[in-house]
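Engineer: Here it is, the structure, as structure tokens.
Residue numbers (the working numbering), protein chains in the order written: chain A, 1 to 367; chain B, 368 to 734.
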């Protein structure tokens with residue numbers, strides 16, 4: 001292999017495939033990036049056997065075809081620090097890669113690309129199209145409530161409910177449910193899959209932040225493929241049935257509160273300061289006409305906050321783990337939120353003041 | 368005690384005394400900040416028995432004198448997040464402190480101030496005055512080469528050589544010497560002290576970055592006091608004799624190189640990338656007419672860099688731990704540096720192209 005390309009462009013693509021490079025050392029080839037130069041162009045691939053990423057062809061002048069696997073960390077470190085505009089990559093018969101740029105010449109030991117695992121094949125038939133920005137937001141706004149231990153493996157992923165015109169993304173741990181809904185630009189019809197949390201957190205890092213960038217999503221029984229234009233990411237799906245979360249949400253409520261989101265977050269954050277145990281001390285909310293009082297108490301002392309709000313319905317006293325409320329409230333962008341309460345031992349639901357773009361359910365604590 | 372003051376001002380002073388709050392838990396009072404309101408004003412003090420800091424009086428409306436010790440972490444966390452402009456602090460008979468600001472009311476358990484250790488007394492007779500900015504720079508430019516283990520306790524501090532018109536700051540570990548020299552605005556004459564590295568690294572954080580801010584330094588046999596205006600910091604000194612570093616610097620050289628500092632740093636950084644062991648792989652410099660070639664070699668591969676420079680004298684091949692060269696070069700601000708070499712197994716000296724504001728000596732490695 002011998003080729004010349006723009007250094008900054010190469011670095012940009014390395015940063016994309018890096019998200020699928022393995023950190024475990026049992027299979028050293030998985031710590032590599034596969035560099036391929038053939039009639040289709042110059043392409044980078046990484047694959048940790050859970051997630052695989054393959055770039056679109058990178059603009060390059062290829063003078064000799066070939067492929068080689070190179071340790072991702074060293075390739076990234078070197079390209080990031082090179083001081084020229086153009087970089088030349090050339091392999092010799094022992095899979096050593098000569099990297100030349102500006103005043104630098106490196107010779108780095110690589111491996112044959114033959115042992116590099118292929119990405120799973122995903123037939124590009126049924127597909128869904130949406131804005132990359134939108135999916136980015138949906139992941140950020142739900143991923144914090146996936147289950148952290150894998151006693152129920154389906155809960156370590158997020159449910160994607162593809163529908164005719166919209167998609168729901170749902171995550172559930174034992175204490176809360178996060179639900180987001182957004183329109184699709186194209187839909188091949190109704191279906192449900194569970195995508196691993198790790199896949200979504202890596203995908204989140206490479207989704208474009210530019211307005212109007214779209215992506216297409218393709219599905220098989222076992223895999224999901226995200227086509228971002230600059231690269232495709234393929235991931236296994238989690239098998240099994242997701243829990244029937246819909247029945248946990250109730251339309252009924254006894255108390256309705258509308259508040260400025262940021263004011264409520266700040267008050268909850270301050271009230272949690274009297275907690276020594278990583279802010280797990282419960283906060284008590286006393287909802288009354290005109291707003292709520294928030295109190296917290298520990299051996300360090302007490303905190304008392306008042307937050308104004310529009311309150312309808314019965315007065316109520318209810319306790320929560322403040323972190324769960326804060327994480328849900330932080331993920332929302334709207335200036336104001338609506339919160340429905342039923343009883344001191346029933347979950348509350350955080351909703352938009354108008355519309356149905358999200359709902360967050362949080363279980364209270366028994367005081 | 369009862370007083371009202373500006374919240375941002377209070378936070379600013381908390382951040383200053385925080386540098387002398389202890390992290391160890393054997394003596395809980397040392398994790399506190401002492402709040403004192405008396406006829407001299409409202410003052411904060413912290414003291415970990417190595418370093419003590421006491422602020423100048425903070426502008427406040429004192430309605431009741433008194434003092435109380437409050438855990439620094441909780442005080443800082445609360446004041447940082449309060450949402451009003453003005454904060455009221457009031458103690459009750461059990462040393463609980465009521466903190467009121469905006470929509471928040473906290474009651475935090477404090478302790479009697481009686482057990483709080485006094486700062487050592489330093490007679491303000493002999494003193495030295497310089498710009499805070501200058502001392503900041505001198506600390507940053509030398510502190511990286513203090514000894515990390517305390518087999519020779521004097522080397523865990525820095526030597527301050529106070530002279531009639533200037534001060535030298537010197538640090539030495541087993542492999543290198545860092546030396547900086549700067550003029551004084553006022554001097555009470557020649558004397559030498561060894562200041563603990565921990566003191567200097569905390570002092571560095573609170574020295575003003577504003578031009579023309581000055582500080583005065585007062586000395587006793589056992590203590591040093593830095594008067595920054597907003598606060599005084601008192602530290603113990605390290606007893607013992609510093610090593611006679613002067614004799615290690617030689618005026619002679621066989622090879623002289625003048626280079627752009629940043630070009631040399633970048634080349635050394637890149638050459639160290641082929642090292643697996645935290646960049647400890649030696650780099651070899653081959654100095655020849657017109658500049659130097661830098662090479663490094665490990666099981667990962669090889670790196671070769673060329674750096675142009677003005678070279679006078681003999682050609683030379685010499686090896687170094689790249690980190691030692693990089694740390695010294697990074698601490699310098701001049702665009703170009705001069706490096707003197709004597710022989711492959713003799714130390715090199717990094718000097719300014721003109722003047723004597725600094726010198727860095729680094730031992731080579733035997734290859």
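Using N, Cα and C, we set each Cβ at its ideal position, and we do this for glycine too.
Rounded to the nearest angstrom, what separates residue 632/B and residue 699/B at their Cα positions?
Structural biologist: Locating residue 632/B in the second chain gives position 265, where the first residue counts as 1. Locating residue 699/B in the second chain gives position 332, where the first residue counts as 1. Their Cα atoms are separated by approximately 11 Å.
Engineer: For residue 724/B, name the three-state secondary structure that DSSP assigns.
Structural biologist: Locating residue 724/B in the second chain gives position 357, where the first residue counts as 1. Residue 724/B: coil per DSSP, three-state reduction.
Engineer: Given that residue 409/B touches chain A, what residues does it touch there, using C-beta distances under 9 Å?
Structural biologist: Your numbering for residue 409/B matches position 42 in the second chain. In chain order: nothing, as chain A lies at least about 21 Å away.
Engineer: Might you give, ordered along the chain, the residues of its own chain that have their beta carbon closer than 8 Å to the beta carbon of residue 731/B, omitting 5 neighbours on each side?
Structural biologist: Mapped onto the second chain, residue 731/B falls at position 364. Excluding sequence neighbours, residue 731/B sits near 685, 686, 687, 711, 712, 713, 714 and 715.
Engineer: Measuring only between beta-carbons, confirm whether residue 7/A sits less than 8 Å from chain B.
Structural biologist: Position 7 of the first chain holds residue 7/A. Not closer than 8 Å to any Cβ of chain B, the Cβ of residue 7/A fails to qualify, so no.
Engineer: Taking only beta carbons into account, state which residues of the region 385 to 400 of chain B come closer than 9 Å to chain A, listed in chain order.
Structural biologist: Hits within the stretch: zero.
Engineer: Could you tell me the alpha carbon to alpha carbon distance between residue 528/B and residue 448/B, rounded to whole angstroms?
Structural biologist: Working through the second chain from its first residue, we reach residue 528/B at position 161. Working through the second chain from its first residue, we reach residue 448/B at position 81. Their Cα atoms are separated by approximately 43 Å.
Engineer: Just to make sure I have the definition right: I need the residues of chain A whose C-beta is within less than 8 Å of the C-beta of residue 633/B. Which are they?
Structural biologist: Position 266 of the second chain, counting from 1, holds the residue named residue 633/B. Result: 81 and 83.
Engineer: What are the complete beta strand (DSSP E) segments, minimum 3 residues, inside the region 646 to 679 of chain B?
Structural biologist: Fully enclosed beta strand (DSSP E) runs of 3 or longer: 650 to 655, 658 to 665 and 668 to 675.
Engineer: Report all residues from its chain with a CB closer than 6 Å to the CB of residue 679/B; omit the five preceding and five following residues, and keep chain order.
Structural biologist: Taking the first residue of the second chain as position 1, residue 679/B is located at position 312. If we look at residue 679/B and ignore the five residues flanking it on each side, its Cβ neighbours are 623.
Engineer: Could you tell me whether any Cβ in chain A is nearer than 8 Å to the Cβ of residue 526/B?
Structural biologist: Position 159 of the second chain, counted from the start, is the residue given in the question as residue 526/B. Not closer than 8 Å to any Cβ of chain A, the Cβ of residue 526/B fails to qualify, so no.
Engineer: Please report how far the alpha carbon of residue 71/A lies from the alpha carbon of residue 35/A, in whole angstroms.
Structural biologist: By one-based count along the first chain, residue 71/A stands at place 71. By one-based count along the first chain, residue 35/A stands at place 35. Their Cα atoms are separated by approximately 11 Å.
Engineer: Say whether chain C places a C-beta atom closer than 8 Å to the C-beta of residue 88/A.
Structural biologist: Any reference to chain C falls outside this structure, whose protein chains are A and B.
Engineer: CB residue 573/B to CB residue 604/B, shorter than 8 Å?
Structural biologist: Reading the second chain from its first residue, position 206 is the one you call residue 573/B. Reading the second chain from its first residue, position 237 is the one you call residue 604/B. No, the Cβ-Cβ distance between residue 573/B and residue 604/B is not below 8 Å.
Engineer: Quick one: Cα of residue 301/A to Cα of residue 467/B, how far?
Structural biologist: As a working note, residue 301/A is residue 301 in the first chain. As a working note, residue 467/B is residue 100 in the second chain. Going from the Cα of residue 301/A to the Cα of residue 467/B covers about 14 Å.
Engineer: Using beta carbons (cut-off 8 Å, strictly below), is residue 108/A in contact with chain B?
Structural biologist: Residue 108/A sits at position 108 when you count from the first residue of the first chain. Yes - at least one Cβ of chain B is within 8 Å of the one on residue 108/A.
Engineer: Return yes when the Cβ of residue 146/A is within less than 8 Å of the Cβ of residue 156/A, no when it is not.
Structural biologist: Taking the first chain and counting its residues from 1, the one referred to as residue 156/A is at position 156. Taking the first chain and counting its residues from 1, the one referred to as residue 146/A is at position 146. Yes, Cβ-Cβ distance for residue 156/A and residue 146/A is below 8 Å.
Engineer: Which residue comes first and which comes last in the alpha helix (DSSP H) that contains residue 711/B?
Structural biologist: Within the second chain, residue 711/B is the residue found at index 344, counting from 1. From DSSP, residue 711/B is part of no alpha helix (DSSP H); its letter is neither H nor E.
Engineer: What are the partner residues of residue 260/A, as DSSP defines its beta bridges?
Structural biologist: In the first chain, the residue the question calls residue 260/A occupies position 260. In the DSSP output, where bridge partners are listed per residue, residue 260/A has 336/A.
Engineer: List the whole-angstrom C-beta distance separating residue 259/A from residue 307/A, where the pair is believed to meet the contact cut-off of C-beta under 8 Å.
Structural biologist: Here residue 259/A corresponds to residue number 259 of the first chain, with the count starting at 1. Here residue 307/A corresponds to residue number 307 of the first chain, with the count starting at 1. The pair is a contact, with the Cβ atoms about 6 Å apart (cut-off 8 Å).
Engineer: Using a cut-off of 9 Å between C-beta atoms, extract the partners of residue 287/A located in chain B.
Structural biologist: The residue you call residue 287/A lines up with position 287 of the first chain. Here the premise fails: no neighbours, minimum Cβ distance about 16 Å.
Engineer: Would you kindly report the start and end of the unbroken beta strand (DSSP E) that includes residue 51/A?
Structural biologist: Translated into positions along the first chain, residue 51/A becomes position 51. From DSSP, the beta strand (DSSP E) with residue 51/A extends over 51 to 55.
Engineer: I'd like the ranges of any alpha helix (DSSP H) spanning at least 4 consecutive residues and lying wholly in the region 166 to 237 of chain A.
Structural biologist: Listed in chain order, the complete alpha helix (DSSP H) runs (minimum 4 residues) inside the region 166 to 237 of chain A are 197 to 206.
Engineer: Does the Cβ of residue 611/B lie closer than 7 Å to at least one heavy atom of the ligand PLP?
Structural biologist: The ligand PLP is absent from the structure shown, which contains no ligand whatsoever.
Engineer: May I ask which residues mark the beginning and end of the beta strand (DSSP E) holding residue 501/B?
Structural biologist: Walking along the second chain from the start, residue 501/B turns up at place 134. It is not in any beta strand (DSSP E) - residue 501/B instead sits in the alpha helix (DSSP H) that spans 499 to 507.
Engineer: Output, in chain order, the set of chain B residues within a Cβ distance shorter than 7 Å of residue 111/A.
Structural biologist: Locating residue 111/A in the first chain gives position 111, where the first residue counts as 1. By Cβ distance, chain B contributes nothing, its closest Cβ being about 12 Å from residue 111/A, past 7 Å.
Engineer: Of all the residues that make up the region 674 to 690 of chain B, which are near chain A by a beta-carbon distance shorter than 8 Å?
Structural biologist: Residues 674.
Engineer: In the DSSP assignment, what are the bridge partners of residue 471/B?
Structural biologist: For this step, residue 471/B is matched to residue 104 along the second chain. According to DSSP, residue 471/B bridges with 305/A and 468/B.
Engineer: Can you check which of these residues, 120/A, 291/A and 88/A, is closest to residue 222/A by C-alpha distance?
Structural biologist: One-based indexing of the first chain puts residue 222/A at position 222. Nearest option by C-alpha distance: 120/A.
Engineer: Between which two residues does the beta strand (DSSP E) containing residue 454/B stretch?
Structural biologist: In the second chain, residue 454/B corresponds to position 87, counting from 1. Element bounds for residue 454/B: 453 to 458.
Engineer: Please determine if the region 19 to 35 of chain A and the region 43 to 51 of chain A are in contact, where contact requires at least 3 C-beta pairs separated by less than 8 Å.
Structural biologist: Short answer: they touch.
Engineer: Applying the criterion that 16 or more other CB atoms from any shown protein chain within 10 Å of the CB defines a buried residue, is residue 176/A buried or exposed?
Structural biologist: Counting from 1 along the first chain, the entry for residue 176/A is found at position 176. With 16 or more Cβ atoms within 10 Å of its Cβ, residue 176/A is classed as buried.
Engineer: Give the straight-line distance between the Cα atoms of residue 164/A and residue 314/A, rounded to the nearest whole angstrom.
Structural biologist: Position 164 of the first chain, counting from 1, holds the residue named residue 164/A. Position 314 of the first chain, counting from 1, holds the residue named residue 314/A. Going from the Cα of residue 164/A to the Cα of residue 314/A covers about 39 Å.
Engineer: Counting contacts by CB-CB distance shorter than 8 Å, is residue 301/A in contact with chain B?
Structural biologist: Walking along the first chain from the start, residue 301/A turns up at place 301. Taking Cβ atoms only, chain B reaches closer than 8 Å to residue 301/A, which makes this a yes.
Engineer: For residue 231/A, which residues of its own chain have a beta-carbon under 6 Å away from its beta-carbon, when the five flanking residues on both sides are left out?
Structural biologist: Locating residue 231/A in the first chain gives position 231, counting from the first residue. Excluding residues within five positions, the ones whose Cβ falls inside 6 Å are 16, 53 and 55.
Engineer: Using the Cα positions of residue 370/B and residue 648/B, report the straight-line distance between them to the nearest angstrom.
Structural biologist: Numbered from 1 along the second chain, position 3 holds the residue referred to as residue 370/B. Numbered from 1 along the second chain, position 281 holds the residue referred to as residue 648/B. Taking the straight line from one Cα to the other gives about 59 Å.
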